[in-house]
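A.B. asks:
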Amino acid sequence: MTTLFRNGHVLSPAAPVATALLVDDEGAVSWLGADADAPRAGEVVDLDGRLVTPAFVDAHAHVAATGVLMTELSLLGTRSAVEVLDRVAAFVRGLPREAVVTGQGYDESTWEERRVPSREELDSALGGRRGYLSRVCGHEGLASSALRAEVGEIAGLEGYSADGPLTLYAHRRARAVAAESMSVAQRAGWQRAALRRAAGLGVASIHECGMPSEGTSVGEADFSSLLKVSAEGGLPRVVGYWGELCAAEKARDLGAHACGGDLSADGSIGARTAALREDYADAATRGHAYLSAEDVENHILDCHRHGLQGGFHAIGDQAIANVVTGVAAAAQQLGVEAVRGMRHRVEHAELLDKQLIAGFVAFGLHASVQPAFDAAWGGTDKMYAARLGRQRALGANPFASLAGVGVPLAFGSDSPVTPTDPWGGIAAAVWHHNPAQRLSLKAAFAAATRGGWRAMGDDVAGVLAPGAPATFAVWDHRSAELPDPVSAPVCHRTVLSGRTIHVEE
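Each residue of the sequence shown is one higher than the one before, starting from 1 at the first, in the UniProt record's numbering.
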């Protein structure tokens, strides 16, 4: 059945003054124009003067973990180690002793006393239960004694600390053991909750960045479950990115669109594990490179053998240099145009100079970036300045430098690291801490909508034009102009390929 949406304002380059659009029975836009010229339709929806835009794409997210934060132990907004412990103690009241507790979101860089809870304090708050608390970045965490005992030979893993936070491989292993205790039904419930919330924010598609869990099959089960939940309909479309080195055949078998996403070339700035060319400003370390340039080269070659897009998580300039060098080596064997045609991605891409940006241009790399990182930690007086020093902090997340030379941008949240908040991401890009790296509202909106589709190889979706998928959001904003992203409008309706997946009651 055809549906006419009329009496609104439609943001479309094909019809700049359109007030109506017609959706055909295949879920595509078949017509745009003035109400008076509208064709007949089987159903008519009155927009009541609202703005219709392309729907958002969250180009980097972790759906189950987002659902956990919504429904389980959230540590977002805690202001001290004591407050973290108080939240843990309140959460575990009434839980059986055998329960495994997972929490996430603490950020000690924002606390006056930048001390995280000790192992003994965590054990006490948990009442002796197994538990793991992930730092907001997802690259560091606190493990209770009971959980450490279950992990086994954790003391021999890189990143281990007897009393303090775990990083690197010790963190990955402990987190995986904690996650293994959660049932498939629990995790599917978290996934549905996160997807429903995203739909209510005008998000029609999410790029899930899945990965293996150290020593368990949780990662694969989670990934497959999410793709099935999304395929049920009535929720945003999930595009799967599987982050495992040289595993393109496995990724394809899992139903992934690509073998990349959170295939980590390094860690995070907050955990001091992002791989840098120079020392951190507040520690005598340069972080950790999980992948060498040779690893990157072999991964790209594997992706091409199986016809899949590749990609890497790379934050620090050394990690990004390893990625660019590895892609260049693969291009020598495959040909530059073959590499460019696959639109390989770099997730985060926070610290890069002109030479590294030139590598993105040369090999057609897409930058999947998170503007909310700059809003949360950028500038001269927040965590990036403490970790990197003022100069490197102001040079982080160079959106304007990337866009200015034609590097395609796709905006994501990395939720739950930062919230699913597309308008907030747009505002962060428009009001970057470094004025030289600010984007126009139009450019930022394009990166949050069409950019995500382009980054997965679709050049048709993400705009409202005849023949394009009818994937759009209807906003409680009665104007033909984009709203101020700082005061984000309420999403009245979200439509994916002609089907409504959210409507505000």
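Here a beta-carbon is modelled for each residue, glycine too, at the ideal position from N, C-alpha and C.
Going by beta-carbon coordinates alone, are Thr285 and Asp279 separated by less than 8 Å?
C.D. replies: In the sequence shown, residue 285 corresponds to position 285, counting from 1. In the sequence shown, residue 279 corresponds to position 279, counting from 1. Yes, the pair counts as a contact, with Cβ atoms nearer than the cut-off.
A.B. asks: Can you give the Cα-Cα distance for Gly378 and Trp31, rounded to whole angstroms?
C.D. replies: Within the sequence shown, residue 378 is the residue found at index 378, counting from 1. Within the sequence shown, residue 31 is the residue found at index 31, counting from 1. Cα atoms of Gly378 and Trp31: separation of roughly 44 Å, rounded to the nearest angstrom.
A.B. asks: By Cβ distance, which residues of its chain are closer than 6 Å to Asp414, with the 5 residues on each side in sequence left out?
C.D. replies: Here residue 414 refers to the residue found at position 414 of the sequence shown. Closer than 6 Å at the Cβ level, and outside the excluded window around Asp414, lie His60, Gln370.
A.B. asks: How do the region 146 to 158 and the region 238 to 255 stand: do at least 3 beta-carbon pairs fall below 8 Å, yes or no?
C.D. replies: The answer is no - the region 238 to 255 does not touch the region 146 to 158, with fewer than three Cβ pairs under 8 Å.
A.B. asks: Buried or exposed: where does Ser368 fall if 16 or more other Cβ atoms within 10 Å of its Cβ makes it buried?
C.D. replies: Locating residue 368 in the sequence shown gives position 368, where the first residue counts as 1. When all chains shown are included, Ser368 counts as buried.
A.B. asks: Determine the extent of the alpha helix (DSSP H) in which Cys209 is found, giving its start and end residues.
C.D. replies: Mapped onto the sequence shown, residue 209 falls at position 209. Counting along the chain, Cys209 falls outside any alpha helix (DSSP H), though it belongs to the beta strand (DSSP E) covering 203 to 210.
A.B. asks: What does His313 pair with, by DSSP beta-bridge criteria?
C.D. replies: Numbered from 1 along the sequence shown, position 313 holds the residue referred to as residue 313. In the DSSP output, where bridge partners are listed per residue, His313 has Ser264, Glu347.
A.B. asks: Is Pro422 helix, strand or coil by DSSP?
C.D. replies: In the sequence shown, counting from the first residue as 1, residue 422 sits at position 422. Three-state DSSP puts Pro422 in a helix.
A.B. asks: With distances taken from CA atoms, which of Ile426, Val417, Gln437 is nearest Pro398?
C.D. replies: As a working note, residue 398 is residue 398 in the sequence shown. Nearest C-alpha to Pro398: Gln437.
A.B. asks: With DSSP as the reference, identify every bridge partner of Glu98, one or two as the case may be.
C.D. replies: Sequence index remark: in the sequence shown, residue 98 carries index 98 (1-based). Glu98 is not bridged to any residue.
A.B. asks: According to the Cβ coordinates, are Gly8 and Gly49 closer than 8 Å?
C.D. replies: Position 8 of the sequence shown holds residue 8. Position 49 of the sequence shown holds residue 49. Yes. Within cutoff.
A.B. asks: Enumerate in chain order the residues of its own chain whose CB-to-CB distance from Gly270 is below 8 Å, with the five nearest sequence positions on each side excluded.
C.D. replies: The count along the sequence shown starts at 1 and reaches residue 270 at position 270. For Gly270, where only same-chain residues beyond five positions count, the Cβ hits under 8 Å are Asp107, Ser109, Arg135, Val136, Cys137, His139, Glu140, Trp377, Met383, Arg387.
A.B. asks: Would you decide whether Ser183 is buried or exposed? Buried here means 16 or more other CB atoms lie within 10 Å of its CB.
C.D. replies: Translated into the one-based positions of the sequence shown, residue 183 becomes position 183. Classification of Ser183: exposed, given that the 10 Å Cβ count is below 16.
A.B. asks: CB Tyr169 to CB His207, shorter than 8 Å?
C.D. replies: If you number the sequence shown from 1, residue 169 lands on position 169. If you number the sequence shown from 1, residue 207 lands on position 207. In this structure, His207 does not lie closer than 8 Å to Tyr169 by Cβ.
A.B. asks: Assign Ala446 to one of two classes, buried (16 or more other C-beta atoms within 10 Å of its C-beta) or exposed (fewer than that).
C.D. replies: On the sequence shown, position 446 is the one that residue 446 refers to. The Cβ neighbour count for Ala446, taken over all protein chains shown within 10 Å, is at least 16; the residue is labelled buried.
A.B. asks: Could you check the C-alpha separation between Trp453 and Pro408 for me, to the nearest Å?
C.D. replies: Taking the sequence shown and counting its residues from 1, the one referred to as residue 453 is at position 453. Taking the sequence shown and counting its residues from 1, the one referred to as residue 408 is at position 408. When rounded, the distance between both Cα atoms is 11 Å.
A.B. asks: Determine which residues share a DSSP beta bridge with Phe411 and list them.
C.D. replies: Position 411 of the sequence shown, counting from 1, holds the residue named residue 411. Note: Phe411 sits in a beta bridge opposite Val369.
A.B. asks: Quick check on Met456: buried or exposed, where buried means 16 or more other Cβ atoms within 10 Å of its Cβ?
C.D. replies: Working through the sequence shown from its first residue, we reach residue 456 at position 456. So Met456 ends up on the buried side.
A.B. asks: Kindly indicate which residue of Val63, Val52, Ser12, Val45 has the alpha-carbon position closest to the one of Pro416.
C.D. replies: Taking the sequence shown and counting its residues from 1, one reaches residue 416 at position 416. Checking every option, the nearest Cα to that of Pro416 belongs to Val63.
A.B. asks: Consult DSSP for Tyr290 and reduce its assignment to one of helix, strand or coil.
C.D. replies: Counting from one through the sequence shown, the residue named residue 290 turns up at place 290. Of the three classes helix, strand and coil, the one that applies to Tyr290 here is coil, per DSSP.
A.B. asks: Only counting the same chain, and skipping five residues up and downstream in sequence, which positions put a Cβ closer than 6 Å to that of Arg390?
C.D. replies: The sequence position of residue 390 within the sequence shown is 390, counting from 1. Only Thr380 meet the Cβ criterion.
A.B. asks: So, at 7 Å on beta carbons, what are the nonlocal neighbours of Ala403 in its own chain, with the 5 sequence-adjacent residues on each side left out?
C.D. replies: Here residue 403 refers to the residue found at position 403 when the sequence shown is read from its first residue. Result list for Ala403: Leu409, Leu439, Ala443, in chain order.
A.B. asks: Do you know offhand how far Pro16's Cα is from Val10's?
C.D. replies: Reading the sequence shown from its first residue, position 16 is the one you call residue 16. Reading the sequence shown from its first residue, position 10 is the one you call residue 10. Rounded to whole angstroms, Pro16 to Val10 spans 8 Å at the Cα level.
A.B. asks: Please list, in chain order, all residues of the same chain as Thr102 whose beta carbon is under 6 Å from its beta carbon, the five residues on each side excluded.
C.D. replies: The residue given as residue 102 occupies position 102 in the sequence shown. Answer for Thr102: Tyr132, Ala178, listed in chain order.
A.B. asks: In terms of residues, what are the limits of the beta strand (DSSP E) holding Leu308?
C.D. replies: Here residue 308 refers to the residue found at position 308 of the sequence shown. Run containing Leu308: none; DSSP gives neither H nor E here.
A.B. asks: Compare the C-alpha of Ala338 against each of Glu350, Gly307, Val346 and name the closest.
C.D. replies: Taking the sequence shown and counting its residues from 1, the one referred to as residue 338 is at position 338. The residue with the shortest Cα to Cα distance from Ala338 is Gly307.
A.B. asks: Going by the CB atoms, is the gap between Val229 and Ser205 shorter than 8 Å?
C.D. replies: Here residue 205 corresponds to residue number 205 of the sequence shown, with the count starting at 1. Here residue 229 corresponds to residue number 229 of the sequence shown, with the count starting at 1. Cβ atoms of Ser205 and Val229: not closer than 8 Å.
A.B. asks: Excluding five sequence neighbours on each side, which residues of the same chain lie with their C-beta closer than 7 Å to the C-beta of Phe472?
C.D. replies: In the sequence shown, residue 472 corresponds to position 472, counting from 1. Answer for Phe472: Val52, Thr53, Pro54, Ala55, Leu464, Val495, listed in chain order.
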